[in-house]
Amino acid sequence: MSTTSSNEIPLPWSKQHKRLTKASSGGLSYSLSNSFAQPLTSGELLDLTKQRGHHDLVEQYYNHSLEYTPNGGSMDLREEIARLYGDNITAQNILVFPGAQ
């Protein structure tokens, strides 16, 4: 198992995998072996968003509230979901929840 130094705790598998496969660390340009998205740091996500010209999203990121969302889902999310179902379904008919196993 890889470590950061001889006296430190071993790195988790996910960190080792990222170090080996991440393109910016000299790894792979494209990894087709993952069943998950490559993790990004907040800084990497912001840089990518700026490079794509989505400065409005960066502004929203910096001004986003970290309070709890309303029970049943936020109204804007429920409205977007309702649009997928046509005119007979409204946001009041939609309930958003995290689900369970």
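Last residue of the sequence shown: number 734 in this note's numbering, and the count goes up by one each step with no gaps.
No residue lacks a Cβ here, since even glycine has one placed at the ideal position from N, Cα and C.
In this chain, the alpha helix (DSSP H) harbouring D689 covers H688 to N696. Annotated three-state conformation of T674 is coil, per DSSP. When secondary structure is reduced to three states using DSSP, N704 falls in the coil class, being assigned neither helix nor strand. When DSSP states are grouped into helix, strand and coil, S662 belongs to the coil group. Sequence-distant Cβ neighbours of E677 in its own chain, meaning closer than 7 angstroms and more than five residues away, do not exist here.
Taking the CA atoms as reference points, I727 sits about 8 angstroms from G705. Here the C-alpha atom of H650 lies approximately 15 angstroms from the C-alpha atom of T674. If you draw a straight line from the Cα of E713 to the Cα of A656, it is about 35 angstroms long.
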